[in-house]
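The structure appears right after this line, and notes come after that.
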Amino acid sequence: MQIDVNEYKHENEYKELIENYAGKPESLLAIMQDIQKQYNYLPRLAISLISRHVGIPVSRVYAMASFYKAFSLTPKGRFVFRVCDGTACHIKNSETLLDQLQKSLGIKPGETTTDGMYSVETVNCLGACALAPVMVVNGKVYGKVSPGDLEGIIKEYGGQNHGYDNQGS
Amino acid sequence: MDMIIKAHDDRQTILVCCGTGCTANGARDVFNALQSKLKDHPDIEVLPVVKATGCNGWCEKGPLVRIIPRDITYCSVKAQDADEIVDKTLLEGILIKRLLYRDPVSKEHLASHHLTDFYRKQHKIALRNIGEIDPAQISDYLEREGYQALKKALQKMDSQEVIDTVKAAGLRGRGGGGFPAGNKWQACRNASGQEKYIICNGDEGDPGAFMDRSIMEGDPHTVIEGMILGAYAVGASHGYIYVRDEYDLAVQNLGQAIKDAHSHGYLGNRIMDSDFSFDIELVRGGGAFVCGEETALMASIEGRTGEPRDKYVYPTEKGLWGKPTVINNVETWANIPVIILHGAEAFAAVGTENSKGTKVFSLVGKVVNTGLVEVPMGTTLREIIYEIGGGVLKKRSFKAVQTGGPSGGCIPASLLDLPVDFDSLTEAGSMMGSGGLIVMDDHTCMVEVARYYVNFLAGESCGKCTPCREGIRALLEILTDICNGQGRMEDLQLMEDICLTMQEASLCALGRTAPNPVLSTLRYFRDEYIEHIKNHYCPAGVCRELTTFYIDPEKCTGCTLCVKQCSADAIKGEKKQVHTINESECIRCGECYRVCAFDAVQLGRRDHHEN
Ligand SMILES: Cc1cc2nc3c(=O)[nH]c(=O)nc-3n(C[C@H](O)[C@H](O)[C@H](O)COP(=O)(O)O)c2cc1C
Ligand code: FES
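As they're listed, the protein sequences go chains A and B. If you use this note's numbering, the first sequence corresponds to residues 1 to 169, in order. If you use this note's numbering, the second sequence corresponds to residues 170 to 780, in order.
See below:
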């Protein structure tokens, strides 16, 4: 369980987020959510800081992190393609979209490209079933996505080696 | 209850639906365009107010724009239409035909969604304000009888009377189980202890349902008022709303509503100058289906992993932090203010003998009108799907409707005249669940649907008890084999045995109801299983290992639609010439089969290597 040295640079930021909440067990979920939202994952250092703050062993914080889908222990990509695989989307062939994403980006649901640009995830019902199949990329919702549309959407985010690494960050 | 909102002193008001569905279709752009267009017209006498409203439920036709008090509804509006809407409709009173809803049967253009069958056949109680008010404005809610029920209760009713009213109304929980709400409240009121809690279950885990999201987004105050009434009835001083992680807009609107309720004196100390104090806190879920189960949800609020516990002792005795707790679903809470204000009798007049009132369904899948539908209990599936829903998409044949999500089952065409209530659905081998209604046509494979749900549950079972954890895994393996053409006839019996064990021995309702998708499809669609096993054939053309596609040269018109849709570039053909599918390139996604308007794409069988 080594802590990445880079994480120490953010130590004070983590602390600031964590100390918004009272040091009680029931603050745990909310603190973890804030950290996850800010950094797209739960840095190890943050986990040990949280553990100390709320008075719960690190092991239990890890248990929470692995139990709930909202959390990730590794950084997610800059662009997260979330494909809805709720029932309405499933029967309108959301799986084909996943296959295609895998073909274009080379990653399966739950994975992130090695350059840290893209992640693919599945979600259960985004509540826009009328527009099935639905996909969300960093908060932007795409409805009635056909396999034919997908290439264009990926390109919007600089996908398929269309020079996204020149843009810097 | 279907009144049309009164505009302030006859000013024209524009309502733009900004629910998730409409937003995905660009409602924000429409909203912004209208707003900036109206800035250019400071000299105009009419002063239209643009309001963002919650989800109308008619997502298919979004973005929706309504103009009141004239009651005009425009569908599929684009930002470019803003000028015309303001110039023509608002200033000159002319309807823009192109933006009106066209009835698919009569071909008539209808001026308002209130005139459509989709709307007229509904009966709105829980959804009474959705799409009619701006959820961010407490004044909108107050104009529509908001917090009147609370006032009535605090001034004229003691807490037992509130409970008696809910009991007499016959309100059953809308979160799935259908437990009588009044009885639950009574048990909590009777439980000893000073500290008691109220919880609103907004975890909405059913993948394919969004009733609760719409209510929380579109009418947050009704949920809050319901909870305050519940707290008054059982003597609770603190409440929680547990909202599913993905529901950002719901969190935002509920948060605003809690603040406003505070500043208006409906929440906090000495509510409306009475002795009664109550507060509500928002909790964001962590994203786990099992957390919708009440004991798991409470564990989650307490800051633990969401594992259910056995309910020897009910939460009304020992719930959150071991204290007596009432937990109800969002829609259940939304009904409470109406029951208290208008009385038990009015509520109980709607519905069936044992299921009173209405139920909100999220009607989705292969149906013409998708969206939220609220109908009296006892309405038949046929009425919901055909009269309100407009029938199956592309006039294909109806195969089944799935109700109750992963705990429910698939109901076949032969039961379309089933009046829908808690008991009839359970008898049919499904359940009400939270209200998902997913329509499936002949292009949906029932074996694959069963596999889909079991696969979903495999990811969601918390793993604490063996029958659920191992049972689901075994079912998934067998179903996957069948979908891949490796099933055996004995598997059918084996699955039934596994299901029986799970129903009997699982710790919580997740495991006990997990067999429903399997058992209901085995009961009504056994033939389809047998086709997969014996003939290695998937009649719906879904299971890839068992399917090939070819183009019937007699039927192909050479329209190139399938060529354009094929993401594998496996279809060759020029315009007006017969197309062909290159089998070695084909990934069998079935997109061509679905899009072809001439039935030219046909299903073939795959030669299966036995052994
Ligand atoms: C696996 C599982 C998931 C559930 N998910 C939900 C849910 O998402 N929303 C909900 O209101 N109830 C859900 N329930 C039902 C709750 O346990 C509980 O019965 C309900 O919140 C009580 O409220 P009601 O009486 O108003 O329906 C679920 C139950 C189980 C077993
Ligand atoms: S199933 Fe995908 S949005 Fe509902």
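Note that the Cβ used here is the ideal one computed from N, Cα and C, for glycine as well.
Straight-line Cα distance separating residue j from residue i
{"i": "B:Arg713", "j": "A:Asn20", "result": "51 angstroms"}
{"i": "B:Gln571", "j": "B:Leu606", "result": "6 angstroms"}
{"i": "B:Pro588", "j": "B:Val542", "result": "15 angstroms"}
{"i": "B:Trp354", "j": "B:Glu364", "result": "15 angstroms"}
{"i": "B:Tyr555", "j": "B:Gly434", "result": "46 angstroms"}
{"i": "B:Ile496", "j": "B:Cys369", "result": "6 angstroms"}
{"i": "B:Leu730", "j": "B:Gly574", "result": "34 angstroms"}
{"i": "A:Gly55", "j": "B:Thr474", "result": "16 angstroms"}
{"i": "B:Met515", "j": "B:Asp209", "result": "Residue 515 of chain B is actually Ala in this sequence, not Met. C-alpha separation (whole angstroms): 48 angstroms."}
{"i": "B:Thr521", "j": "B:Tyr270", "result": "33 angstroms"}
{"i": "B:Met615", "j": "B:Leu233", "result": "34 angstroms"}
{"i": "B:Tyr622", "j": "A:Asp4", "result": "39 angstroms"}
{"i": "B:Cys728", "j": "B:Lys745", "result": "6 angstroms"}
{"i": "B:Lys175", "j": "B:Ile237", "result": "Annotation note: pLDDT 39 at B:Lys175 (below 50); position unreliable, no value reported."}
{"i": "B:Leu216", "j": "B:Ser205", "result": "In this prediction, B:Leu216 scores a pLDDT of 47, lower than 50, which makes its location untrustworthy; no coordinate-derived value is stated."}
{"i": "A:Tyr8", "j": "A:Leu28", "result": "21 angstroms"}
{"i": "B:Arg341", "j": "B:Tyr481", "result": "22 angstroms"}
{"i": "B:Met609", "j": "B:Leu532", "result": "11 angstroms"}
{"i": "B:Gly339", "j": "B:Glu330", "result": "14 angstroms"}
{"i": "A:Arg52", "j": "A:Leu45", "result": "11 angstroms"}
{"i": "B:Lys733", "j": "B:Gln672", "result": "47 angstroms"}
{"i": "B:Ser275", "j": "B:Lys266", "result": "15 angstroms"}
{"i": "B:Tyr706", "j": "B:Ala350", "result": "48 angstroms"}
{"i": "B:Tyr416", "j": "B:Gly188", "result": "11 angstroms"}
{"i": "B:Tyr762", "j": "B:His612", "result": "9 angstroms"}
{"i": "A:Tyr164", "j": "B:Gln771", "result": "With a pLDDT of 38 at A:Tyr164, under the threshold of 50, the modelled position of that residue is not reliable, and the figure given next carries that caveat. Cα to Cα, A:Tyr164 sits roughly 41 angstroms from B:Gln771."}
For residue i, the residue or residues it bridges with in DSSP
{"i": "B:Tyr366", "result": "B:His407 and B:Thr494"}
{"i": "A:Lys140", "result": "A:Val137"}
{"i": "B:Pro588", "result": "B:Thr549"}
{"i": "B:Phe718", "result": "B:Leu772"}
{"i": "B:Ala569", "result": "B:Pro581 and B:Met609"}
{"i": "B:Val234", "result": "B:Val185 and B:Tyr243"}
{"i": "B:Arg349", "result": "Residue identity differs from the one stated: residue 349 of chain B is Pro in this sequence, not Arg. B:Pro349 pairs with B:Arg341."}
{"i": "B:Phe694", "result": "Partner(s): none; B:Phe694 has no beta bridge."}
Supposed close pair residue i, residue j - CB separation, criterion 8 angstroms
{"i": "B:Glu462", "j": "B:Cys677", "result": "5 angstroms"}
{"i": "B:Val199", "j": "B:Ala251", "result": "7 angstroms"}
{"i": "A:Gly143", "j": "B:Ala193", "result": "5 angstroms"}
{"i": "B:Asn498", "j": "B:Ile294", "result": "With a Cβ gap of about 14 angstroms, B:Asn498 and B:Ile294 do not count as contacting."}
{"i": "A:Arg82", "j": "A:Gly116", "result": "With 8 angstroms as the limit, A:Arg82 and A:Gly116 do not qualify as a contact, their Cβ atoms being about 17 angstroms apart."}
Contact set between residue i and chain A, taken where Cβ atoms lie within less than 9 angstroms
{"i": "B:Arg453", "result": "Leu29, Ala30, Gln33 and Ala70"}
{"i": "B:Gln662", "result": "By Cβ distance, chain A contributes nothing, its closest Cβ being about 27 angstroms from B:Gln662, past 9 angstroms."}
{"i": "B:Tyr621", "result": "Asp85, Thr87, His90 and Ile91"}
{"i": "B:Ile607", "result": "Thr87, Ala88, Ile91 and Cys129"}
Cβ-heavy atom distance, residue i to ligand 1, below 7 angstroms
{"i": "B:Ser603", "result": "yes"}
{"i": "B:Ile607", "result": "no"}
{"i": "B:Asn685", "result": "no"}
{"i": "B:Asp372", "result": "yes"}
{"i": "B:Gly342", "result": "yes"}
{"i": "B:Cys755", "result": "no"}
{"i": "B:Thr501", "result": "yes"}
{"i": "B:Leu489", "result": "no"}
{"i": "B:Ala678", "result": "yes"}
Chain-ordered neighbours of residue i on chain A, where CB pairs are closer than 8 angstroms
{"i": "B:Asn194", "result": "Leu131 and Gly143"}
Contact set between residue i and chain B, taken where Cβ atoms lie within less than 8 angstroms
{"i": "A:Val123", "result": "Glu415"}
{"i": "A:Pro25", "result": "Glu471, Gly472 and Arg473"}
Contacts of residue i in chain B (Cβ-Cβ under 9 angstroms)
{"i": "A:Ile18", "result": "Here the premise fails: no neighbours, minimum Cβ distance about 14 angstroms."}
{"i": "A:Pro109", "result": "Result: empty, since nearest Cβ-Cβ is about 11 angstroms, beyond 9 angstroms."}
{"i": "A:Leu126", "result": "Thr189, Ala193, Phe379 and Glu415"}
Partners in chain B for residue i, counting only beta-carbon separations shorter than 7 angstroms
{"i": "A:Leu105", "result": "Chain B residues near A:Leu105: none, gap ~14 angstroms exceeds 7 angstroms."}
{"i": "A:Gln100", "result": "Ser736"}
{"i": "A:Gly148", "result": "Lys733, Gln734 and Ser736"}
Under 7 angstroms by beta carbon: chain A residues contacting residue i
{"i": "B:Thr539", "result": "Cys129 and Ala130"}
{"i": "B:Gly512", "result": "The premise fails here: B:Gly512 is roughly 33 angstroms from chain A at the closest Cβ pair, so nothing lies under 7 angstroms."}
heavy atom of ligand 2 below 7 angstroms from residue i C-beta
{"i": "A:Thr87", "result": "yes"}
{"i": "B:Gly573", "result": "no"}
{"i": "B:Cys191", "result": "no"}
{"i": "A:Ala128", "result": "yes"}
{"i": "B:Pro376", "result": "yes"}
{"i": "B:Cys668", "result": "no"}
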